[in-house]
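Residue numbers (our numbering), protein chains in the order written: chain W, 172 to 283; chain D, 22 to 139.
Cβ coordinates follow ideal geometry from the N, Cα and C atoms, glycine included.
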C-alpha cells in the first residue's frame, strides 16, 4: 500500500531564506507527483506536477525534483517571502490504483 | 487552468439533519470526480470516486449510506451527508478530471466545504 511522508511537519524560516521541503513515498510505481499549497481553511492550489518520466519542474521561485527509484521528491523555494506561509502538500498518483495519495503536509511560516 | 466550483464553502447544520455539497466542473466535462475529507491538521483522505451515470466507488471504511454520492451529469457531482453528527464535522473537498484524458492527467480541486455539525 502506497504511503506518502513529508518531513518536516512544520518549518519556520526568516524572510529571504531558501528552503527545501521533503516528500517520500513507499512504492515507486507512480504516474506522477504533485505539490499543492493550502492556506488555512481553503482548498488546494496546484503548484507543480511532475510526471513519472520527468526529473524536475520549475515555476518561478519553485523547483520540484523527483527521484522515482528512491521514492523521493523535494520542493525548493527560493528567496522565501511571508506570503509563502501555508501548508504544502505532496501527493502521488499511485500507479497500481490510480488514486491520489497525500502526505500529511509541511506547515511553513516565513517570518518578516 | 480548469475550474472546479464547490458549494457551499461553509455550512453549519444541526445534528440529525442532512447536508448536500455540490461539485461542478465549470469549463470542462468530468466523467470522474473524487471526494476527499480532511480532518484538522491532517491530510486529505479519499472517500469515494464518483462516476457519471453509475454508482460511486467507496473507499474502505466509508459508509455509503451515510455519504450519498450522485453524479447525474458530466459537470455535477453531489455529496450528501445524511443524518449528520458532530463527528462528521470536517473539511470536504472534491476534484475532477476531464473526460477523455489519461489517468496521469492533473485533476483540479474545488475550494472545499467546511461542515460543522452542532
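At the level of alpha carbons, what is the spacing between residue 282(W) and residue 130(D)? Residue 282(W) and residue 130(D) have their C-alpha atoms some 29 Å from each other.
Cβ-based neighbour list, residue 222(W), same chain, cut-off 7 Å, excluding 5 preceding and 5 following: 203
Tell me, to the nearest whole angstrom, how far the beta carbon of residue 84(D) is from that of residue 67(D); I am working on the premise that it is less than 8 Å. That pair is no contact at about 15 Å.
For residue 195(W), would you say it is in contact with chain D, using Cβ-to-Cβ distances shorter than 9 Å as the test? no
Since residue 59(D) is in the beta strand (DSSP E), which residue starts that stretch and which ends it? Its beta strand (DSSP E) spans residues 53-59.
Using 8 Å for Cβ pairs, my map puts residue 184(W) next to residue 190(W). What's the rounded Cβ distance? 5 Å
Of all the options 101(D), 31(D), 26(D), which has the alpha carbon lying nearest to the alpha carbon of residue 37(D)? 101(D)
Residues in its own chain within less than 6 Å of residue 249(W) by CB, not counting five upstream and five downstream? 189, 232
Taking the Cβ atom as the reference point for each residue, do residue 181(W) and residue 278(W) lie within a distance shorter than 9 Å? yes
Could you tell me the alpha carbon to alpha carbon distance between residue 163(D) and residue 111(D), rounded to whole angstroms? Residue 163(D) lies beyond the range of chain D shown here (22 to 139); nothing can be said about it.
Close Cβ partners of residue 265(W) (< 8 Å) along its chain, the five nearest in sequence each way excluded: 173, 198, 200, 201, 202, 271, 272
With 16 other Cβ atoms within 10 Å as the buried cut-off, status of residue 239(W): buried
Which bits of chain D does residue 242(W) rub up against, with CB to CB less than 8 Å? The premise fails here: residue 242(W) is roughly 17 Å from chain D at the closest Cβ pair, so nothing lies under 8 Å.
At 3 residues or longer, and completely inside the region 67-123 of chain D: list those beta strand (DSSP E) runs for me, N to C. 88-94, 97-102, 111-118
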